[in-house]
Amino acid sequence: MPEPEAPKRYVLGSGPFKNSIASQLFLVVLLVYLAVSLTITSAQIAEIYTRATNDLSRELEILGQSFRGSLAKALWEFDEESLNSSIQGLKETPGVLGVTVLDINTGEVHSTKGIGTIDRANLNTNSSEGAITADTSPANLDKLIRQEIDIFFEIDARRELVGKATVYSHPDVVLERIKYSVLIVILSEVVKIAAMWVIFLLVSHKMLRQPLAILTAGAERLSNEDLKGFKVDIHSKNRNELKLLEEAFNVSAEKLYEAKDELENRMRMALSAGGIATWVWYPEDDHLEFDEHLPRIFGQSTERFGGTFRDLQRFIHNDDRAEFVGLMHEAVSNRMPFQTDTRVNAMDGSVLHIDVQAIVSSLGDDLDATHLVGTAMDFTDRKKAEEELERASNAKSEFLASMSHELRTPLNAILGFSEVLKGQYMGPLGNESYREYANDIHNSGIFLLELVGELLDLSAIEAGKTKLHKETIDIDEIMVDCIRTIAEKADAKEIELNYAPGVGVSAVFVDKRAIKQVILNVLSNAVKFTDESGLILIQTAAQDHDTHINITDNGPGIAPDKIADIAAPFTRGESDPHLAERGWGLGLSISQSLVELHNGKLSIESELGEGTSVSITLPLTSEA
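Terminal number for the sequence shown in this note's numbering: 624, no gaps in between.
1) Look up methionine 347 in the DSSP assignment and say whether it is helix, strand or coil.
2) Is the stretch 384 to 394 touching the stretch 285 to 300 in the sense that three or more CB pairs, one from each, lie closer than 8 angstroms?
3) Using beta-carbon positions only, say whether leucine 497 and isoleucine 538 come within less than 8 angstroms of one another.
4) Which residue or residues does DSSP assign as beta-bridge partners of glutamate 148?
5) Can you tell me which residues form a DSSP beta bridge with methionine 377?
6) Measuring alpha carbon to alpha carbon, tell me which of Thr530, Glu406, Glu154, Ile461 ends up nearest phenylalanine 637.
7) Starting from leucine 537 and walking both ways along the beta strand (DSSP E), at which residues does that stretch end?
8) Mind checking whether asparagine 665 and serine 591 have CB atoms under 8 angstroms apart?
9) Could you tell me if arginine 382 is buried or exposed, where buried requires 16 or more neighbouring beta carbons within 10 angstroms of its beta carbon?
10) So which of Gly609, Pro619, Cys482, Asn345 has the shortest CA-CA distance to threonine 472?
11) Is leucine 468 helix, strand or coil when you go by DSSP?
12) Tell me which residue opens and which closes the beta strand (DSSP E) that leucine 602 is part of.
13) Return the CA-CA distance between serine 82 and valine 36, expressed in angstroms with no decimal places.
14) Report the three-state DSSP secondary structure of phenylalanine 290 (helix, strand or coil).
15) Determine whether the beta carbon atoms of threonine 93 and serine 111 lie at a separation below 8 angstroms.
16) In this structure, does DSSP put threonine 106 in helix, strand or coil?
17) Report the option in Asn394, Tyr434, Leu34, Arg51 whose CA atom is closest to the CA atom of lysine 260.
18) From glutamate 176 to glutamate 419, what does the alpha carbon distance come to, in whole angstroms?
19) Between the stretch 35 to 52 and the stretch 159 to 170, are three or more C-beta pairs nearer than 8 angstroms?
20) Can you give me the Cβ contacts of aspartate 355 inside the same chain, cut-off strictly under 6 angstroms, excluding the 5 residues immediately before and after it?
21) May I have a chain-ordered list of the alpha helix (DSSP H) segments no shorter than 4 residues that lie completely inside the stretch 466 to 515?
22) Assign proline 337 to one of three DSSP states: helix, strand, or coil.
23) What number of angstroms, rounded off, separates the C-alpha of glutamate 610 from the C-alpha of glutamate 454?
24) For the beta strand (DSSP E) that leucine 618 lies in, which residues bound it at each end?
25) For arginine 120 and glutamate 436, what's the separation of their Cα atoms in angstroms?
26) Do the CB positions of threonine 617 and glycine 557 come within less than 8 angstroms of each other?
27) Just the Cα atoms here: how many angstroms apart are phenylalanine 417 and lysine 192?
28) Please determine, among Ser444, Asp286, Asp285, the residue with the shortest C-alpha to C-alpha distance to leucine 31.
29) Span of the beta strand (DSSP E) holding isoleucine 566?
30) Can you tell me which residues form a DSSP beta bridge with tryptophan 281?
31) So is isoleucine 62 buried or exposed if we call it buried at 16+ other beta carbons inside 10 Å?
32) Look up isoleucine 558 in the DSSP assignment and say whether it is helix, strand or coil.
33) Taking the CB atoms as reference points, tell me whether serine 350 and glycine 275 lie closer together than 8 angstroms.
34) For aspartate 491 and glycine 534, what's the separation of their Cα atoms in angstroms?
35) Report the three-state DSSP secondary structure of aspartate 55 (helix, strand or coil).
36) Name the DSSP bridge partner or partners of threonine 342?
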């Protein structure tokens with residue numbers, strides 16, 4: 001017997017995990033915090049700017065009022081020299097770009113010299129308020145900060161309106177005043193983000209990253225069926241969700257090991273009790289030599305067994321006899337070894353499964369005097385044990401489904417918060433980019449949730465617990481929605497999506513969510529395996545009370561002998577691109593099962609180098 005393999009050693013939680021949940025959660029939290037921080041910071045800066053603008057307006061008002069007397073006197077006395085002197089005095093005040101005065105009596109407008117032609121070059125070279133200038137032509141006056149002041153002249157205890165003065169300033173004056181305040185606000189937020197980064201890294205490593213790494217390593221070991229002495233410890237004293245998951249993990253692993261160990265012991269006992277029989281057949285005279293174990297393995301007594309190959313043929317199952325005899329004679333003719341599993345009828349009426357192997361041997365130098373030397377082993381008990389082992393494997397699948405449920409809790413929290421941001425339920429985010437970032441977070445969370453959902457879907461399908469909620473819907477609506485969903489991925493590879501809806505195709509009676517899942521999976525595979533600048537043709541047609549959906553790509557295609565494999569769960573291959581992709585390998589298996597639950601059919605046609613065509617047949621409006 002071959003030497004047993006040395007047991008693999010596992011150091012739990014020591015290896016790096018790319019794209020870990022902890023890292024992705026950190027990224028989500030950071031992006032959310034950045035979005036909130038930027039929103040708050042923007043609001044603070046806006047408030048500072050507004051307050052500074054109001055302060056400047058009040059300064060302009062006070063300044064104008066201080067010159068109101070001299071302006072009123074000059075207007076009343078028509079003293080243009082004094083009026084221009086007062087206007088120029090206002091203009092010389094820091095922060096004032098220009099002044100206009102309207103004479104109510106004459107309708108004449110007096111303004112600072114050069115207004116409308118002031119050069120803006122100094123704005124970028126001198127930051128002092130006194131040097132800030134701007135284009136104050138009539139087209140740009142509305143962009144400036146202004147303060148209007150009514151000018152009254154008092155005469156004989158009455159006030160008479162003689163003019164209106166407007167004092168102008170520039171928004172850059174406000175920016176010059178608040179730049180240090182804004183800088184302090186920004187630096188404060190940067191420090192907060194950096195502190196949050198460090199704190200989250202320290203806390204998440206202890207509370208999330210390390211426990212998840214340990215559980216992930218444990219799941220990998222569990223998938224390798226290395227269960228002896230298996231136990232995980234996330235090094236947490238808190239009784240939280242991860243601690244409960246650790247306990248459930250260890251209990252399930254222990255039960256799996258006990259079940260597996262019991263089944264393996266039973267298999268060893270069955271093989272030892274059955275033994276391995278040897279035999280030799282001489283074709284020339286049909287003589288058969290055998291040891292004492294062969295009759296027992298065939299379920300016969302030594303007296304009934306006989307001494308020829310013809311006698312042995314009587315016990316071979318009718319359905320296997322012709323193949324078994326043909327293999328024996330073919331081995332002699334071609335001088336080739338052979339192995340076959342055959343069924344035999346035992347004397348107690350039971351059917352036994354026998355593994356028969358043989359090689360061709362010659363007597364001395366006489367090559368014509370050949371004979372077969374072989375072994376026979378009863379693996380009936382082993383076959384039964386393998387069926388029980390399959391039941392244990394189902395128990396493992398149930399455990400993985402339970403673990404998937406636990407993972408959905410934090411994922412749903414991520415999706416919930418990103419949905420709040422995306423929908424702006426707590427108020428507008430401001431910049432449109434923030435909502436796009438929230439949408440990216442939401443889409444990534446959905447992708448992770450879909451991976452977990454695939455395990456749950458398969459478990460539900462295998463357990464027969466999948467319930468369809470059928471309704472009459474427009475198939476074209478589903479197709480357009482699915483194409484729109486996959487269009488971004490197709491555009492990234494410059495793949496053309498050509499949709500040709502069929503005439504007369506309208507309503508189908510299906511579960512909308514399930515059928516959308518099927519079509520999205522098929523479209524996603526088509527985009528994934530189609531080369532850049534490829535073509536995907538999507539067609540629908542109505543025929544014989546059925547709706548036919550056909551999705552054809554011009555990708556690399558699939559070998560005919562591999563088509564059946566790609567629809568099987570957990571199947572991968574290295575040579576076939578459809579099987580070499582990372583993932584559970586459940587997409588097509590789940591899709592095929594969902595279509596069959598509708599009494600429909602999913603079929604695949606493909607050739608290497610010719611592309612792949614997936615056809616889906618669904619009932620129309622009548623329930624299946």
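All C-beta atoms, glycine included, are put in the ideal place defined by N, C-alpha and C.
The short version:
1) coil
2) no
3) yes
4) Thr166
5) Ile276, Asp355
6) Shown here, the chain extends from 1 to 624; a query on residue 637 therefore has no answer.
7) 535 to 543
8) With the chain covering 1 to 624 only, the question about residue 665 has no answer from this structure.
9) buried
10) Pro619
11) coil
12) 601 to 607
13) 56 angstroms
14) strand
15) no
16) coil
17) Asn394
18) 39 angstroms
19) no
20) Asp341, Met377, Phe379
21) 475 to 492
22) coil
23) 30 angstroms
24) 611 to 619
25) Unreliable positioning characterises arginine 120 in this predicted model, as indicated by a pLDDT of 36, which lies under 50. The coordinate reading is nonetheless provided below. Going by the C-alpha atoms only, they are around 38 angstroms apart.
26) no
27) 21 angstroms
28) Ser444
29) It is not in any beta strand (DSSP E) - isoleucine 566 instead sits in the alpha helix (DSSP H) that spans 563 to 566.
30) Leu288, Leu372
31) exposed
32) coil
33) no
34) 11 angstroms
35) helix
36) Ile354
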